[in-house]
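These protein sequence lines are chains A and B, in that order. Residue numbers 1 to 431, in UniProt numbering, belong to the letters of the first sequence in order. Residue numbers 1 to 431, in UniProt numbering, belong to the letters of the second sequence in order.
Number of protein chains: 2
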Amino acid sequence: MPHRLDARQPGFEAQFAEFLTGKREAQQDVNDAVVAIIAEVRNRGDAALIDYTRRFDRMELRADQIRLAGTAIDDAAAQCPTDVRDALHFAAERIESYHRKLMPSDIDYRDASGAQLGARWRPVASVGLYVPGGAAAYPSSVLMNAVPARVAGVKRLAMVVPTPGGTLNPAVMAAAQIAGVTEIYRVGGAQAVAALAYGTATIAAVDKIVGPGNAYVAAAKRLVFGQVGIDMIAGPSEILVVADGANDPAWIAMDLLSQAEHDEAAQAILITNDEGFAAQVERAVEAELSRSPRAAIARASWAAHGAIILVQRLDDAVALVDRIAPEHLELAVAEPEPLSQRIQNTGAIFLGRYAPEAVGDYVAGPNHVLPTARSARFSSGLGVHDFLKRTSLVRCDAESLARLGPAAIRLARAEGLEAHARAIAIRLNLP
Amino acid sequence: MPHRLDARQPGFEAQFAEFLTGKREAQQDVNDAVVAIIAEVRNRGDAALIDYTRRFDRMELRADQIRLAGTAIDDAAAQCPTDVRDALHFAAERIESYHRKLMPSDIDYRDASGAQLGARWRPVASVGLYVPGGAAAYPSSVLMNAVPARVAGVKRLAMVVPTPGGTLNPAVMAAAQIAGVTEIYRVGGAQAVAALAYGTATIAAVDKIVGPGNAYVAAAKRLVFGQVGIDMIAGPSEILVVADGANDPAWIAMDLLSQAEHDEAAQAILITNDEGFAAQVERAVEAELSRSPRAAIARASWAAHGAIILVQRLDDAVALVDRIAPEHLELAVAEPEPLSQRIQNTGAIFLGRYAPEAVGDYVAGPNHVLPTARSARFSSGLGVHDFLKRTSLVRCDAESLARLGPAAIRLARAEGLEAHARAIAIRLNLP
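So, in structure tokens, the structure goes:
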């Protein structure tokens, strides 16, 4: 049974505050194991990768098999059904088109002082893309990570993917092909992250590592951060649906279940101003669960973390949304725009009755890697900015330095940094 | 004596690789102490802040004195010398003007499918700004952190600053006034970070914490990350000067020393193609050191971490610069533009003989909070983006969903996520 909260009742604030701080994920403490794995890979390189792959992925690799041969990629990708390949192409083109529009512009101008100022964006030179194997092998995630990197201009994209028992996932290989990824290593886990961060004889070190993974992969990313850049550490998925009573309850039930089926720790929340509609959605969820192939997962998620929140007016949802800061927000109402304008904290908004969140997971164009666990208050979904860095530019001549220098000298001396002051003063013949 | 490397000699690559991996900072392990401090502040709130302030800052606070009164801020700021206040105003205006030009634009468009797609940037609602007390109390850092936050539109900026023995720094208070920061708490250390992250009766929790601090502050920021956002953890400062033989050696020596005087762990590197000039710079450094008020620090930094690297041609510097990925890069050459264009990895470039790095620390306009320790390979200086987050927008109607939906359904089923497929199919009357 999902949580039930009613903003029209006294005591709601305390209930809601408690609901907000509820943790959904058991913290698995794998830190010590991961520290050891990273040290092994740094010390023994490919040999450590081969040992861990034998142990964790039950397969024997030679060093010259760590990198997948182009023919092996092609052969596996060829087994991807044509309609899936076509859909991946369709998705890749839309993701590329959307992310191109997010590319920032360089700036370069001369200001009144005569100083020439600028900022320029450059791609990260090399990026490692972690792709999970087994059950969570999602070709859509390959596109969502690799395509923005390509759009940003990343020259080298190295993919690591565990292939337990030696099996390649045809759709993942097809997605890599479509995204132009040709450098693929069949290793996974913390050992693959360590190899990308520090390099081995076979795998050259990268500058940044992105992509989802299990607790070992997440711990490894945290530990190598600094040596390389990393993307966010994504938590379990979330949806918040704000719906009026005019929706088809079955549609909204499917949207809630499309998050709940991800993971027992996933969270689906409905906010509505219509108590009768809420009850209908709840019945529809039960009905759908009875025929869902992933019912066990979805039912566990819905029972433990699901919630139905009743509000007096839909406008009252705005403040709650911003406090929940959901990864995904659906506004299934007649006029979603004015409501949308008032929302500050969410990774993505789906507007209207015909914009189910699932369309955004695959083909809408925006990224499906989005901030979870309330981090939409301060962070953004994956995008081209994650694959770029900005350098500032300052050019002065004698005249512009003469205009800027005296104030800088005063501040340097106020901070007790005399060499800073002198570096300017010496050029201006000032004391 | 600084490191000496010569790219024209055999053995250089091994020497340079070793130089690159040299660590400059002793890792101070304060993690356990900081975990305890955070737990205390979460449990006991203001009472814990009062206890830690008594212990670490040697002063007795009442709960109603944790927040500085407006009159106390004004009184302290009034003691800031007029010429310093004027210089802070001058700097703040230039920082604001530069950062305004970096503001990203929202996007909003309808594509060929009829779907309406967008991305909009919104300010982080509340930001905590850590300002060190004592020796490292830099008013310029207050401006460099607070002004971009204001430009981004952050509504609430809460500053924490330790005031050991009760003393307020007039220039820091003046900088806060100029940046429009009126919410100031006289607490510091890990306890201040914990208060900003989790809130106390006096200090409301924020969404993100920025600003420099000592090892305790840095450890606290790492530990509260997730609960709130944080900026980068800055390491010791660095400069790399690429200079031809036509520079005044004393100018370049001052630039090297202006980094070296920051901190014994700071690093100053000269790359030149003129061996005689390199020797002149080294002599000039010695001469300047003999009259520098911070000679002990600068000498220790220069001896332990300083370096002079000789190259055959200045063009050979480009690859070395990108591997060092310095926080600050000076191109003190006749034609800096073509060289600048080829550089990929650095936080900031200062072009020409009249652009000493120190001018960028204070008044040029770009931010002085920049990536250190080779992280310019994958990250950027502080800017408006650090105070913004992006939400993606997808609006579909029945027609556009009909165009996008079938591909999404195929991919969802290929990934075994039936509820995802059904959330779309149910709206299109598809199986």
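Ideal Cβ placement from N, Cα and C applies to all residues, glycine included.
Under the three-state DSSP convention, the category residue i falls into
i, result
"Y354(A)", "coil"
"M1(B)", "coil"
"K155(B)", "coil"
"I233(B)", "coil"
"A225(A)", "According to the sequence as given, residue 225(A) is Phe; it is not Ala. It is a strand residue."
"T82(B)", "helix"
"E282(A)", "helix"
"Q9(B)", "coil"
"A240(B)", "It is worth fixing the name first, because residue 240(B) is Leu in this sequence and not Ala. L240(B): strand per DSSP, three-state reduction."
"I349(B)", "strand"
"I66(A)", "coil"
"V206(B)", "coil"
"P371(B)", "coil"
"V394(B)", "strand"
"R410(B)", "helix"
"K389(B)", "strand"
"A332(A)", "strand"
"V160(B)", "strand"
C-beta atoms of residue i and residue j nearer than 8 angstroms
i, j, result
"I230(B)", "I203(B)", "no"
"V187(A)", "P139(A)", "no"
"A192(A)", "Y198(A)", "no"
"A190(B)", "I38(B)", "yes"
"V160(B)", "L196(B)", "yes"
"C396(B)", "G352(A)", "yes"
"G118(A)", "S400(A)", "no"
"D207(A)", "V124(A)", "yes"
"A76(A)", "P212(A)", "no"
"A268(B)", "S301(B)", "yes"
"E261(B)", "I297(B)", "yes"
"D108(B)", "W121(B)", "no"
"V369(A)", "M144(A)", "yes"
"V151(A)", "R100(A)", "yes"
"A284(B)", "P249(B)", "yes"
"A215(B)", "Q28(B)", "yes"
"D244(B)", "T200(B)", "no"
"V363(A)", "F90(A)", "yes"
"E327(A)", "T372(A)", "yes"
"D236(A)", "A265(A)", "In the sequence on display, residue 236(A) carries Pro and not Asp. Against a cut-off of 8 angstroms, the Cβ pair of A265(A) and P236(A) comes out as a contact."
Boundaries of the alpha helix (DSSP H) in which residue i is found, first to last residue
i, result
"P338(B)", "336-342"
"S126(A)", "Per DSSP, S126(A) belongs to no alpha helix (DSSP H); it is in the beta strand (DSSP E), 126-130."
"V172(A)", "170-178"
"L314(A)", "No alpha helix (DSSP H) holds L314(A); DSSP gives it neither H nor E."
"L428(A)", "418-428"
"Q116(A)", "It is not in any alpha helix (DSSP H) - Q116(A) instead sits in the beta strand (DSSP E) that spans 116-123."
"D108(B)", "D108(B) -> not in any alpha helix (DSSP H); beta strand (DSSP E) instead, spanning 107-110."
"H305(B)", "295-305"
"P249(A)", "249-260"
"L61(B)", "Unbroken run through L61(B): none, as it is neither H nor E."
"N43(B)", "31-44"
Opening and closing residue of the beta strand (DSSP E) in which residue i lies
i, result
"Q267(A)", "267-272"
"Y185(A)", "183-185"
Chain D within 8 angstroms of residue i, Cβ atoms only
i, result
"D29(B)", "Annotation note: the requested chain D is absent from the structure, which comprises protein chains A and B."
- Task: Determine, using beta-carbon pairs with one atom in the stretch 251-270 of chain B and one in the stretch 321-332 of chain B, whether at least three such pairs fall under 8 angstroms.
- Result: Contact between the stretch 251-270 of chain B and the stretch 321-332 of chain B is present, with at least three C-beta pairs closer than 8 angstroms.
- Segment contact flag, the stretch 235-242 of chain A with the stretch 303-323 of chain A, C-beta cutoff 8 angstroms, min 3 pairs: Cβ pair count under 8 angstroms is three or more, so yes.
- Query: Are there three or more Cβ pairs, one per stretch, closer than 8 angstroms when the stretch 214-223 of chain A is compared with the stretch 308-316 of chain A?
  - Reply: Too few Cβ pairs lie closer than 8 angstroms, so no.
- Task: Could you run through the stretch 391-407 of chain B and flag, in chain order, every residue whose CB is less than 7 angstroms away from some CB of chain A?
- Result: Flagged, chain order: T391, S392, L393, V394, R395, C396, D397, A398, L401, L404, G405, A407.
- Message: For the structure I just gave you, are there three or more beta carbon pairs, one from the stretch 9-27 of chain A and one from the stretch 172-191 of chain A, closer than 8 angstroms?
- Response: Verdict: no, contact absent.
- Pull out every residue of the stretch 358-385 of chain A whose Cβ sits closer than 9 angstroms to any Cβ of chain B, in chain order. When CB distances to chain B are screened at a threshold of 9 angstroms, the residues of the stretch 358-385 of chain A falling below it are A358, V359, G360, D361, Y362, V363, A364, G365, P366, N367, L370, P371, A373, R374, S375, A376, R377, F378, S379, S380, G381, G383, H385, in chain order.
- Any 3 or more C-beta pairs closer than 8 angstroms across the stretch 342-349 of chain A and the stretch 374-381 of chain A: In short, these stretches touch, since the Cβ pair count reaches three.
- Message: Pairs of beta-carbons, one from the stretch 111-130 of chain A and one from the stretch 408-418 of chain A, closer than 8 angstroms: are there three or more?
- Response: Verdict: no, contact absent.
- Mind the definition here: the stretch 410-429 of chain A touches the stretch 379-393 of chain B only if three or more C-beta pairs lie below 8 angstroms; say whether that holds. Flag = no, the stretch 410-429 of chain A and the stretch 379-393 of chain B do not touch.
- Query: If contact means a Cβ-Cβ distance below 8 angstroms, which residues of the stretch 252-263 of chain B contact chain A?
  - Reply: Going along the stretch 252-263 of chain B in chain order, one finds M254, D255, L257, S258, A260, E261, H262 with a Cβ nearer than 8 angstroms to chain A.
- Task: May I ask you to verify whether the stretch 67-85 of chain B touches the stretch 355-373 of chain B, counting CB pairs closer than 8 angstroms and requiring at least 3?
- Result: Of all C-beta pairs linking the stretch 67-85 of chain B to the stretch 355-373 of chain B, fewer than three are shorter than 8 angstroms, placing the two stretches out of contact.
- Mind listing which residues of the stretch 326-348 of chain B have their C-beta closer than 8 angstroms to chain A's C-betas, in chain order? Per Cβ criterion, the list reads P336, S340, I343, Q344, N345, T346, G347, A348.
- Message: Closer than 7 angstroms between beta carbons: that is the criterion. Which residues of the stretch 406-422 of chain B meet it against chain A?
- Response: Cβ contacts with chain A: A407, A408, R410, L411, A412, A414, E415, L417, E418, A419, H420, R422.
- Item | chain A contacts from the stretch 62-87 of chain B (Cβ-Cβ distance under 7 angstroms) | Those would be D83, V84, A87, in chain order.
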